[in-house]
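Student: Before I ask anything, let me first share the structure, which is written out below as structure tokens.
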Amino acid sequence: MLPEKDSLEASLPSADSRRGSTKEAHSVVRDADVAARFLASLDDSVKHRPITPKEARKVLWKIDLTILPLLGISVIIACVDKLVISNAAIYGMATDTKLVGDKFAWVGSVFYFGFLLFEYPSSFLIQRLPVAKFFSATALVWATMMCCTAATNNFAGLATVRFIMGMSEACLFPVCNVFTVMWWKNQEQPFRIACWMSPFSSIFIGIVGYGVGNAHTSLASWRLLYLVLGGFSLLWAAVLFLLLPDSPTQCRYMCDREKFVCLERIKSNNTGVEDKKIKWYQVRECFCDPKTWLLIVFGIAQNIPNGAITTFAAIIVSGMGYTPLATALLGIPTGIVAALWAWLLSWPAGRLAHARCLLVALSNLVTIASALLMWHLPRSNKVGLLASYYAFYTYWAAYVLGATLPLANTSGHSKKVATNALVFVAYCVGNIVGPQLFRDVHADTASDDDDDGDHGRRYAARGYAGLLVCLVVAMAAILAYGALCAVENRRRDRHGGVVVVSAAHHGEGSDDDGQRRDDDEPQLAEGGEGAFSDKTDREKKDFRYTY
Numbered sequence: 001m002l003p004e005k006d007s008l009e010a011s012l013p014s015a016d017s018r019r020g021s022t023k024e025a026h027s028v029v030r031d032a033d034v035a036a037r038f039l040a041s042l043d044d045s046v047k048h049r050p051i052t053p054k055e056a057r058k059v060l061w062k063i064d065l066t067i068l069p070l071l072g073i074s075v076i077i078a079c080v081d082k083l084v085i086s087n088a089a090i091y092g093m094a095t096d097t098k099l100v101g102d103k104f105a106w107v108g109s110v111f112y113f114g115f116l117l118f119e120y121p122s123s124f125l126i127q128r129l130p131v132a133k134f135f136s137a138t139a140l141v142w143a144t145m146m147c148c149t150a151a152t153n154n155f156a157g158l159a160t161v162r163f164i165m166g167m168s169e170a171c172l173f174p175v176c177n178v179f180t181v182m183w184w185k186n187q188e189q190p191f192r193i194a195c196w197m198s199p200f201s202s203i204f205i206g207i208v209g210y211g212v213g214n215a216h217t218s219l220a221s222w223r224l225l226y227l228v229l230g231g232f233s234l235l236w237a238a239v240l241f242l243l244l245p246d247s248p249t250q251c252r253y254m255c256d257r258e259k260f261v262c263l264e265r266i267k268s269n270n271t272g273v274e275d276k277k278i279k280w281y282q283v284r285e286c287f288c289d290p291k292t293w294l295l296i297v298f299g300i301a302q303n304i305p306n307g308a309i310t311t312f313a314a315i316i317v318s319g320m321g322y323t324p325l326a327t328a329l330l331g332i333p334t335g336i337v338a339a340l341w342a343w344l345l346s347w348p349a350g351r352l353a354h355a356r357c358l359l360v361a362l363s364n365l366v367t368i369a370s371a372l373l374m375w376h377l378p379r380s381n382k383v384g385l386l387a388s389y390y391a392f393y394t395y396w397a398a399y400v401l402g403a404t405l406p407l408a409n410t411s412g413h414s415k416k417v418a419t420n421a422l423v424f425v426a427y428c429v430g431n432i433v434g435p436q437l438f439r440d441v442h443a444d445t446a447s448d449d450d451d452d453g454d455h456g457r458r459y460a461a462r463g464y465a466g467l468l469v470c471l472v473v474a475m476a477a478i479l480a481y482g483a484l485c486a487v488e489n490r491r492r493d494r495h496g497g498v499v500v501v502s503a504a505h506h507g508e509g510s511d512d513d514g515q516r517r518d519d520d521e522p523q524l525a526e527g528g529e530g531a532f533s534d535k536t537d538r539e540k541k542d543f544r545y546t547y
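Right, here's the structure in full:
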């Protein structure tokens, strides 16, 4: 059962407050987003009936049972498509395509060059086009490239399809972020992001990889692996086109009343929903905000370990002496560890107003300890090395929590689009650099000149040292981000801005005095002035930052 189902936060409107919000929507119609225009056009019989917690919980369940699986499965499939290269390598791809020297590392990195090139164009296309239809079209492209990978025979062919695949997947996380802000409240977002960002791709790859490894066909195992996964991805693109709505106001399987409840629930976010007009002053504000650059530093530093470990995951495990089939199965627990750790940290992150940055830093301490063990444990200690390898995947939870910050702290649709694009540019840069930390390890492993493995261990030592530096830098950046948010909140408090209080500040499903609300009692919508106006967090003086 998902959290927050049995308790609904205080962001539901009384009839009187909704009449006021309707007037507000009319007053800002020229500069309003899609949600404000929808609310202004609704019939009074839909808007003026009080919303009870029971009704709102029912709508939340519907969102969680429809939108969340669509996002989560999309992320899993996309991650499978880009990460399966690690398993393909141990099934003979590196040999068949002549990936000698550091070419394998570059095949891992080139995906993110495509991702990086198309990140900003895709982010602005998301704002200009129907977001769900655009997403399903790009899913079709990456699925096609997945199938085409099975036909490659050299480095050039692999690099080309990986580059195009990266371009088509560039919209993945920005789209999911846009949907998260559209459908869930700030205090609900950490757990939902932890759900759709759950790295279950390793489980899927492990199971399919094991099955393909046991298949006896004339086709090379790695080619069959790409065809099976690519075919499934093609089917999923069709599912997205049919079922994923562009926004709450355009959801075919919700009535107007349910759409209204959706919008009133997220009013307390004070970040708006969607506006198709690009406002360049908001883009400039994004680039001038120091918090943006701290998020970029964090994103690069935190994702260098991701790029390194995901590209070389199967090679690391097989290097411990396991067969390809055993390696496929031993990769399954990595996704379980990462998902459980992310879910565990998302619980306090969603209930404590100012714990996210601290939780990220504490999580990285666990990752640092596991990296040190992987570096210094003797190669003969297979159990210890494997356990440390699994524990290293706690790094993913820190990135998941970090990803919630720009969503909760950025208002203004154009600013959100620009900020998300920069954050995922950082994601790309980190994943490009990551495989290069260990590229000499693969080159050394592929040669027969080093019988004792001393050179390989020396190269690995350089890689682990680089990972440790990156994790420390990520900790420093996220703590500095939290400090900036705290200082800005205090400055706004001193200057008399009205504080927009969310339920995360005082406990969900309770009044300020801690008493439980009755399920049939109408609730007052929280949200600052112009909650659905397309203004930035800097312009909204009642906006307070989460950290």
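Counting along the sequence shown from 1, when you hit position 488 you're at 488 in the UniProt record's numbering, and nothing is skipped either side. We treat Cβ as the ideally placed atom computed from N, Cα and C, and that holds for glycine.
Pick from 463, 222 and 80: whose alpha carbon is nearest that of residue 372?
Tutor: Residue 372 has its Cα closest to that of 463, out of 463, 222 and 80.
Student: Only counting the same chain, and skipping five residues up and downstream in sequence, which positions put a Cβ closer than 6 Å to that of residue 370?
Tutor: So the list reads 388, 391 and 392, once near-sequence residues are dropped.
Student: Distance, Cα to Cα, residue 253 vs residue 244?
Tutor: Their Cα atoms are separated by approximately 10 Å.
Student: Count the other C-beta atoms from every protein chain shown that fall within 10 angstroms of the C-beta of residue 216, then say buried if there are 16 or more, exposed otherwise.
Tutor: Exposed, because fewer than 16 other Cβ atoms sit within 10 Å of the Cβ of residue 216.
Student: Threshold first: 3 residues or longer. Then list the beta strand (DSSP E) segments lying entirely within the stretch 257-338, N to C.
Tutor: Here no run is fully enclosed.
Student: Rounded to the nearest angstrom, what separates residue 109 and residue 307 at their Cα positions?
Tutor: In a straight line, the C-alpha of residue 109 is about 8 Å away from that of residue 307.
Student: Within the chosen definition, does the stretch 322-340 reach the stretch 194-209 through at least 3 CB pairs nearer than 8 Å?
Tutor: Cβ pair count under 8 Å is three or more, so yes.
Student: State the DSSP-derived secondary structure class of residue 382, mapped to helix, strand or coil.
Tutor: Three-state DSSP puts residue 382 in a helix.
Student: Classify residue 362 as buried or exposed, calling it buried when 16 or more other Cβ atoms lie within 10 Å of its own Cβ.
Tutor: Residue 362 is exposed by the Cβ-count criterion.
Student: To the nearest angstrom, how far is the alpha carbon of residue 425 from that of residue 296?
Tutor: Answer to the nearest angstrom: the Cα atoms are 8 Å apart.
Student: Would you check if there are 3 or more beta carbon pairs closer than 8 Å linking the stretch 113-124 to the stretch 220-240?
Tutor: No, the stretch 113-124 does not touch the stretch 220-240.
Student: If the criterion is Cβ atoms closer than 8 Å, does the pair residue 416 and residue 283 meet it?
Tutor: Their beta carbons are not under 8 Å apart, which means residue 416 does not touch residue 283 by this criterion.
Student: Can you find the residues in the same chain that come closer than 8 Å, C-beta to C-beta, to residue 157, ignoring five residues on each side of it along the sequence?
Tutor: 97 and 151.
Student: What residue from 309, 384 and 476 has the CA that sits closest to residue 433's CA?
Tutor: Of 309, 384 and 476, the residue nearest in Cα terms is 309.
Student: Output yes or no for whether 8 Å exceeds the beta carbon distance between residue 63 and residue 183.
Tutor: For residue 63 and residue 183, yes; Cβs fall inside 8 Å.
Student: Among 39, 321 and 544, which one has its Cα closest to the Cα of residue 263?
Tutor: Nearest option by C-alpha distance: 39.
Student: Check whether chain B comes within 8 Å of residue 135, counting only Cβ atoms and requiring the distance to be less than that.
Tutor: No chain B appears in this structure, which consists of one protein chain only.
Student: Note down, in chain order, each residue of its chain lying with its Cβ closer than 6 Å to the Cβ of residue 299, except the 5 sequence neighbours on either side.
Tutor: So the list reads 423, 426 and 427, once near-sequence residues are dropped.
Student: Under three-state DSSP, which class holds residue 93?
Tutor: Three-state DSSP puts residue 93 in a helix.
Student: Select from 233, 51 and 131 the residue whose C-alpha is nearest the C-alpha of residue 140.
Tutor: Minimum Cα distance to residue 140 is reached at 233.
Student: Using CA atoms only, rank isn't needed, just tell me which of 311, 290, 419 and 60 is closest to residue 407.
Tutor: Considering only alpha carbons, the answer is 419.
Student: Relative to the C-alpha of residue 472, which residue among 398, 42 and 540 is closest?
Tutor: That would be 398, whose Cα lies nearest to the Cα of residue 472.
Student: Compare the beta carbon distance of residue 578 and residue 386 with 8 Å and say whether it is the shorter of the two.
Tutor: The requested residue 578 is not part of the displayed model; the chain covers only 1 to 547.
Student: Helix, strand or coil: how does DSSP classify residue 69 here?
Tutor: Three-state DSSP puts residue 69 in a helix.
Student: In terms of alpha-carbon separation, which member of 546, 160, 316 and 230 lies closest to residue 411?
Tutor: Of the candidates 546, 160, 316 and 230, the one whose C-alpha sits nearest the C-alpha of residue 411 is 546.
Student: CB-CB under 6 Å to residue 77, same chain, minus the five flanking residues each way: which ones, in chain order?
Tutor: For residue 77, where only same-chain residues beyond five positions count, the Cβ hits under 6 Å are 233 and 236.
Student: Around the Cβ of residue 168, are there at least 16 other Cβ atoms within 10 angstroms (buried) or fewer (exposed)?
Tutor: Buried: at least 16 other Cβ atoms inside 10 Å.
Student: Which residue wins for smallest C-alpha separation from residue 381, given the options 346, 41, 317 and 221?
Tutor: Comparing Cα-Cα distances from residue 381 to each of 346, 41, 317 and 221, the minimum goes to 317.
Student: Which residues mark the beginning and the end of the alpha helix (DSSP H) in which residue 196 is found?
Tutor: Looking at the DSSP string, the run of the alpha helix (DSSP H) that includes residue 196 is 189-196.
Student: Looking at residue 324: is its Cβ nearer than 8 Å to the Cβ of residue 231?
Tutor: No. Outside cutoff.
Student: Contact defined as beta carbons within less than 8 Å: I believe residue 205 pairs with residue 71. What is the distance between those atoms, to the nearest angstrom?
Tutor: Between residue 71 and residue 205 the Cβ distance is about 19 Å, and since that is not below 8 Å, they are no contact.
Student: State the start and end residues of the unbroken alpha helix (DSSP H) segment that holds residue 415.
Tutor: Unbroken alpha helix (DSSP H) run through residue 415: 413-437.
Student: Using three-state DSSP, classify residue 515 as helix, strand or coil.
Tutor: With a pLDDT of 39 at residue 515, under the threshold of 50, the modelled position of that residue is not reliable, and the figure given next carries that caveat. Residue 515: coil per DSSP, three-state reduction.
Student: For residue 485, which residues in the same chain have their Cβ closer than 6 Å to its Cβ, ignoring the five residues on either side in sequence?
Tutor: Contacts found: 545 and 547.
Student: For the alpha helix (DSSP H) that contains residue 560, what are its first and last residues?
Tutor: One cannot answer for residue 560 here, as it falls past the ends of the chain, which runs 1 to 547.
Student: What's the C-alpha gap between residue 47 and residue 61?
Tutor: C-alpha separation (whole angstroms): 21 Å.
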